[in-house]
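Novice:
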Amino acid sequence: GGGSLREGWVADLSPVQVAELLEARVLAVVPYLSELQVVDDLVTARVRFGPSLAGAVVNRVPGHRRPLVAERMRPFLAERGIRLFAVLPRDRLLQAVSVGEILEGLGGRVLCARDHMDALVEHLMVGAMSAESALAYFRRRPNKAVITGGDRPDIQLAAIETSTRCLVLTGNLHPPAPILGKAEQAGIPILLTPHDTLTAVEIIESFFGKGRWHQAEKVQRMEELLAGELDFDALAAALEPGGA
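Residue numbers (UniProt numbering): 1 to 244.
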């Protein structure tokens, strides 16, 4: 189905119309922004889909908000005919984007470690500080992409020495040969882009949560989350024609 109830109307292929054409039961999956937004979205889905709505899953819920969503929202929604099957937590790995997807989006070039383009990036950090503070700064986030200038080998070296998935060098400035050698040895791709730092940050940030799902790590993590949160038998029964 579509990513929103607003999609597809101009082509007569909205989620509501598709469900009617297929005579299908519907499971609404709503990303969390706030409790009010979730309730509004699900009540809207109930109105639009009517009895075809089998229930709902709320995902990307911050850890500290999950008890509220699960304990208070479930009975509130049930009173309105909406069955809440699962409340899934926000997970960095599931929102991660691969190094290859970053390269594709930036339209740049990869300079080394080409066989590590499937590595998943969970965090984004900008290297614009002094060399003295860079190492401690980069150690705060694992599995990250670091954006910095090609003329900052000190920052590049600090990033390579921590848990970094790739280096993004802005301004089309090539790094020194020793940096390329260390990155190759560490399995850290260096991506070269003509964009300035701010533009590169905006492009990469727009990818998080929209990455592809062919990576085994993501599939395994989702299986683990669903196994602990979702009653598959109840969901299967609700999705059957005439299910409740």
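Idealized CB from N, CA, C, for every residue including glycine.
Confirm, please, whether the CB-CB distance from L111 to P175 is below 9 Å.
Specialist: Cβ distance < 9 Å, so P175 and L111 count as in contact.
Novice: Taking DSSP's pairing of strands, which residues face S98 in a bridge?
Specialist: BP columns for S98 point to L120.
Novice: Could you round the C-beta distance between A113 and G187 to whole angstroms and report it? I think they count as a contact, below 8 Å.
Specialist: Yes, A113 and G187 are in contact; Cβ-Cβ is about 5 Å, under 8 Å.
Novice: What do you get for H214, buried or exposed, if any count of 16 or more other CB atoms within 10 angstroms of its CB means buried?
Specialist: H214 should be labelled exposed.
Novice: For I102, which residues in the same chain have their Cβ closer than 6 Å to its Cβ, ignoring the five residues on either side in sequence?
Specialist: These residues qualify, in order along the chain: I204.
Novice: Are the beta-carbon atoms of F85 and A128 separated by less than 9 Å?
Specialist: Their beta carbons are not under 9 Å apart, which means F85 does not touch A128 by this criterion.
Novice: So what's P241 in DSSP terms, helix, strand or just coil?
Specialist: If DSSP states are grouped into helix, strand and coil, P241 belongs with coil.
Novice: Compare the C-alpha of L198 against each of M222, V146, G181 and A158 and name the closest.
Specialist: With distances taken between Cα atoms, L198 lies closest to V146.
Novice: DSSP three-state call for A24: helix, strand or coil?
Specialist: It is coil, neither helix nor strand.
Novice: Below 8 Å on the Cβ atoms is my contact criterion, and I expect L180 with R25 to pass it. Report the Cβ-Cβ distance as a whole number of Å.
Specialist: Incorrect: roughly 55 Å between the Cβ atoms, too far for contact.
Novice: Round the Cβ separation of L173 and D196 to the nearest angstrom and send it over; I've been treating them as touching at under 8 Å.
Specialist: So it is not a contact: roughly 11 Å between Cβ atoms.
Novice: Excluding the five sequence neighbours on either side, which residues of its own chain have a C-beta within less than 7 Å of the C-beta of N143, listed in chain order?
Specialist: Cβ within range, chain order: L120, V121, E122, H123, S163 and R165.
Novice: Tell me the DSSP secondary structure of residue 252 in three-state form.
Specialist: With the chain represented from 1 up to 244, any question about residue 252 goes unanswered, as that position is not in the structure.
Novice: Note down the Cα distance separating G108 from G149, rounded to an integer number of angstroms.
Specialist: Between G108 and G149, the C-alpha separation is close to 14 Å.
Novice: Give a yes or no on whether the C-beta atoms belonging to G63 and R92 are separated by under 9 Å.
Specialist: It is not a contact, given that the beta carbons lie outside the stated cut-off.
Novice: Since V87 and V61 are thought to touch, with beta carbons under 8 Å apart, how far apart are those beta carbons, to the nearest angstrom?
Specialist: Correct: roughly 6 Å between the Cβ atoms.
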